[in-house]
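Order-wise, the sequence lines are chains A and B.
Under my numbering, the first residue of the first sequence carries the number 1470, and numbering increases by one thereafter.
Under my numbering, the first residue of the second sequence carries the number 23, and numbering increases by one thereafter.
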Amino acid sequence: MYFYRAHGLGIRSALPLPGLIEGGGTADVLIRFEKLGLLLDGRRDEIRLHASATDMITKEAYLSWPGVGSARVTSGREILVEREAGAEEEKLLLFVLGHVMALLLQQRGSLALHANAVAVNGGGTVFLGASGAGKTTLTAGLHRRGYSVLADDLVTVGVSDAGCPTVYPGSACLKLLPDVLAFLGESPESLPKLYAGSEKRVRRVAPGARALTHRLACAFVLTEGVRPGVRRLRPCDAVVELLRHAYGTQHSGAATTARLRRCADVASRVPVYRLTRAPSLSTLPTLLTLVAEHLGSGGRTCEQL
Amino acid sequence: MRNMPSGISTDSVVVAVSEQTTADLSGEAIILHLETNNYYGLNAVGAGIWELVQSPVSVSEIRDSMLARYNVLPEQCEQDLLALLGELASLGLIRVSNEPHA
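Following this line, the structure appears as structure tokens:
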């Protein structure tokens, strides 16, 4: 068994989960292998959820990725994994640390965001964006400028005892395209592929920030535009963006009410900005400087608002 | 009595539909329609009106409550109120009843 701390939880796992901070303590979540016998038909590039919207949150749900494996997630406490014969380890890892973990976090009532996070002056900054929006490129750029990476692709937002939004370290494996790595001065050939056939490479970064909880300082929503720019969003628009990038938003029902309130709470307490990036990589330094300027001002803390 | 194209008048009784959920945004509000998944933001005044329509209420009652709360001309108040309610009705967020009530 392996022990990790991620998303504010102690994880005991039969599956090694490189990229998570290793550590002991109490286990909130158990991950083990089990024969699930789920019939895996469907498209090989598609991860499917097998559950009703209410069951997904209250009881248990199954996720499957044909060619990779399946998982049963129960009560936010247990993940049973079945690996398909011949499945690549890297893909299984992506599956478990991505969609499966996001589902578990939803079952626990956490706000799971499709986002990246970096640590800044003891606080955490979150970058929201759809796949391909440039979250990881920006995160890698910030990492090169000395910021610690907290999480890639999946960020959990919790609440501190004082009622302030917090972020936790998650998986710090940056998945980057070769041209981005080359632009950042790294050689893509020296890094492992995300999985066989994938263009992306995995750039594992050391967890620089040792703290297991960071106050959420601010959030950026990445969009593509003509030239780099930053603009603060009205709280109402910020809620919509947070919801749009929250895992599970497509399922309505009771969970959505809870999620709406969590997003509204975050938007009331921390500034949320729209960050526009230009398509060309050559504008990345300008974008990084823009972000750094906003981070430099520290962002007001929740307590000060 | 004023009439809106949406059929809402000061005599209409309005109520929020049940297929929605609301969150407070430091005095403002955001409403989510659970079936269409559309979001609708309200400023502080709108949020106050939204609170009133959580149970059936006549438009004139809302208007009077607004007039007691804000320093605004009755004509303007009524016009703005009917416009907002018309918008909420067109988004399927409130139900409008024009039945004469006892």
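Heads up, the beta-carbon is just placed ideally off N, CA and C, and yes, glycines get one too.
Look at the Cβ atom of Leu1782 of chain A, then the Cβ atom of Lys1644 of chain A, and state whether they are nearer than 7 Å. Residue coverage of chain A in this structure runs from 1470 to 1774, which leaves residue 1782 of chain A outside it and unanswerable.
I think Phe1596 of chain A touches Leu1607 of chain A, with their Cβ atoms under 8 Å apart; what is that distance to the nearest whole Å? Position 127 of the first sequence, counted from the start, is the residue given in the question as residue 1596 of chain A. Position 138 of the first sequence, counted from the start, is the residue given in the question as residue 1607 of chain A. Sure, about 6 Å apart at Cβ, within 8 Å.
Is Val1498 of chain A closer than 7 Å to Ile1480 of chain A when the C-beta atoms are compared? Within the first sequence, numbered from 1, the residue matching residue 1480 of chain A stands at position 11. Within the first sequence, numbered from 1, the residue matching residue 1498 of chain A stands at position 29. In this structure, Val1498 of chain A lies closer than 7 Å to Ile1480 of chain A by Cβ.
Are there 16 or more other CB atoms within 10 angstroms of the CB of Gly1768 of chain A, so buried, or fewer, so exposed? Counting from 1 along the first sequence, the entry for residue 1768 of chain A is found at position 299. Only weak support exists for where Gly1768 of chain A lies, its pLDDT of 43 falling under 50; the coordinates are left without a value.
Reducing DSSP to helix, strand and coil, say where His1612 of chain A ends up. Residue numbering aside, residue 1612 of chain A sits at position 143 when the first sequence is read from its first letter. Looking at His1612 of chain A - three-state DSSP - the assignment turns out to be helix.
Quick test of the definition: if touching needs 3 or more C-beta pairs under 8 Å, does the segment 1696–1705 of chain A touch the segment 1648–1658 of chain A? no
From the DSSP output, in three-state form, read off Val1542 of chain A for me. The residue given as residue 1542 of chain A occupies position 73 in the first sequence. DSSP places Val1542 of chain A in strand when its eight states are reduced to three.
Curious, which full-length beta strand (DSSP E) runs of at least 3 residues does the segment 1581–1627 of chain A contain? 1592–1597 and 1617–1620
What beta strand (DSSP E) runs, 3 residues minimum, are completely inside the segment 1663–1698 of chain A? 1670–1673 and 1683–1693
To the nearest angstrom, how far is the alpha carbon of Pro96 of chain B from that of Leu1729 of chain A? Residue 96 of chain B sits at position 74 when you count from the first residue of the second sequence. Residue 1729 of chain A sits at position 260 when you count from the first residue of the first sequence. Taking the straight line from one Cα to the other gives about 35 Å.
For the beta strand (DSSP E) containing Cys1642 of chain A, name the first residue and the last one. Taking the first sequence and counting its residues from 1, one reaches residue 1642 of chain A at position 173. Counting along the chain, the beta strand (DSSP E) containing Cys1642 of chain A begins and ends at Cys1642 to Leu1645.
Say whether chain A places a C-beta atom closer than 7 Å to the C-beta of Leu113 of chain B. For the purposes of this step, residue 113 of chain B is taken as the residue at position 91 of the second sequence. Chain A contact via Cβ: absent.
Which residues in chain A have a C-beta closer than 8 Å to the C-beta of Tyr92 of chain B? List them in chain order. The residue you call residue 92 of chain B lines up with position 70 of the second sequence. Simply none; closest approach about 21 Å.
Measuring only between beta-carbons, confirm whether Val79 of chain B sits less than 7 Å from chain A. What you label residue 79 of chain B is simply residue 57 of the second sequence in a count that begins at 1. Chain A, which has no Cβ nearer than 7 Å to the Cβ of Val79 of chain B, makes this no.
On the three-state DSSP scale, how would you describe Glu1551 of chain A? On the first sequence, position 82 is the one that residue 1551 of chain A refers to. Correct three-state label for Glu1551 of chain A: strand.
Would you mind reading off the limits of the alpha helix (DSSP H) that contains Ile1480 of chain A? The count along the first sequence starts at 1 and reaches residue 1480 of chain A at position 11. Counting along the chain, Ile1480 of chain A falls outside any alpha helix (DSSP H), though it belongs to the beta strand (DSSP E) covering Leu1478 to Ser1482.
What residue does the alpha helix (DSSP H) around Leu1712 of chain A start on, and which one ends it? For this step, residue 1712 of chain A is matched to residue 243 along the first sequence. Pro1704 to Arg1713 is the span of the alpha helix (DSSP H), which, as asked, contains Leu1712 of chain A.
Could you tell me whether any Cβ in chain A is nearer than 7 Å to the Cβ of Leu47 of chain B? For the purposes of this step, residue 47 of chain B is identified with residue 25 of the second sequence, where counting begins at 1. For Leu47 of chain B, the answer is yes, since a Cβ of chain A falls inside 7 Å of its Cβ.
Report the CB separation of Val67 of chain B from Ile116 of chain B in whole angstroms; it is logged as a contact under 8 Å. To locate residue 67 of chain B, count along the second sequence from 1; it is residue 45. To locate residue 116 of chain B, count along the second sequence from 1; it is residue 94. So it is not a contact: roughly 16 Å between Cβ atoms.
Does at least one heavy atom of the ligand PLP sit under 6 Å from the Cβ of Val79 of chain B? Looking for the ligand PLP in the displayed structure turns up nothing, as the structure carries no ligands at all.
Whole-angstrom distance between Asn65 of chain B and Ser82 of chain B, CA atom to CA atom: Within the second sequence, numbered from 1, the residue matching residue 82 of chain B stands at position 60. Within the second sequence, numbered from 1, the residue matching residue 65 of chain B stands at position 43. Between Ser82 of chain B and Asn65 of chain B, the C-alpha separation is close to 21 Å.
Considering only their Cβ atoms, is the gap separating Ala1571 of chain A from Tyr1716 of chain A smaller than 7 Å? What you label residue 1716 of chain A is simply residue 247 of the first sequence in a count that begins at 1. What you label residue 1571 of chain A is simply residue 102 of the first sequence in a count that begins at 1. Yes. Within cutoff.
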